[in-house]
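J.: The sequence shown: position 25 = 486 (this note's numbering), numbered continuously. I have a structure I would like to understand better, so I am pasting it below and will then ask my questions one at a time.
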Amino acid sequence: MLFDTNALIELIIASQKGEKVKELMQREEASIAIVTLSELTSWAKRVGLDSHEIVKETRETAFVIPVNEEIAEFAGEIHFLNRKEIKDWGMVDSIIYATALVNDLELVTGDSHFKNKPKVVFI
462 MLFDTNALIE LIIASQKGEK VKELMQREEA SIAIVTLSEL TSWAKRVGLD
512 SHEIVKETRE TAFVIPVNEE IAEFAGEIHF LNRKEIKDWG MVDSIIYATA
562 LVNDLELVTG DSHFKNKPKV VFI
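Now the structure itself:
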């Protein structure tokens with residue numbers, strides 16, 4: 462399973478959704494897209510947490526999948542198609558989703574952008 466930034470934040474803040482994320486991580490091998498580290502860093506700094514510690518713990522917990530050419534190109538297609546319907550659909554969401562699909566992984570997220578998308582476990 463590939464865990465979206467949204468899911469990891471829920472885990473970090475120990476919310477009810479975070480408990481579900483924790484259960485999934487205990488059952489399945491956890492992976493993240495490399496851009497998730499950027500989003501986590503930004504979020505941690507915004508809320509006053511130690512971003513270096515959060516990134517370190519995340520890297521120890523989950524396998525980090527880098528962006529390759531296949532993911533990059535597919536992310537562009539995903540971005541183009543989704544911007545037609547969802548005006549604030551971002552490129553980072555596209556990269557994360559492409560990372561999951563290219564690697565045949567389910568994406569775990571609570572981000573409403575992904576609701577009802579294929580291969581998404583919505584928390």
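Glycine is no exception: its CB is placed at the ideal position from the N, C-alpha and C atoms. All values derive from a computational prediction rather than experimental measurement.
Do the segment 529 to 541 and the segment 499 to 508 make contact, defined as three or more Cβ pairs closer than 8 Å?
T.: no
J.: Is DSSP giving I587 helix, strand or coil here?
T.: Here the chain covers residues 462 to 584 and nothing more, so residue 587 does not appear.
J.: Assuming V581 contacts L568 (C-beta within less than 8 Å), just tell me the rounded distance between them.
T.: 5 Å
J.: Three-state secondary structure (DSSP) at V563?
T.: helix
J.: Confirm, please, whether the CB-CB distance from K576 to Y558 is below 9 Å.
T.: no
J.: Taking one C-beta from the segment 489 to 500 and one from the segment 548 to 564 each time, how about it: are there three or more such pairs within less than 8 Å?
T.: yes
J.: Given V516, which residues of its chain have a CB within under 7 Å of its CB, disregarding the five upstream and five downstream residues?
T.: L498, L501, T502
J.: What is the C-beta distance between E467 and G551, in whole angstroms, given that I count them as a contact (C-beta under 8 Å)?
T.: According to the sequence provided, residue 467 is Asn. The question's Glu does not apply to it. Not a contact, Cβ separation roughly 12 Å.
J.: Just to confirm, are H513 and D549 a CB contact at a threshold of 9 Å?
T.: no
J.: On the CB-based measure, 16 or more other CB atoms within 10 Å of its CB, does I584 come out buried or exposed?
T.: buried
J.: Return the CA-CA distance between K478 and E471, expressed in angstroms with no decimal places.
T.: 6 Å
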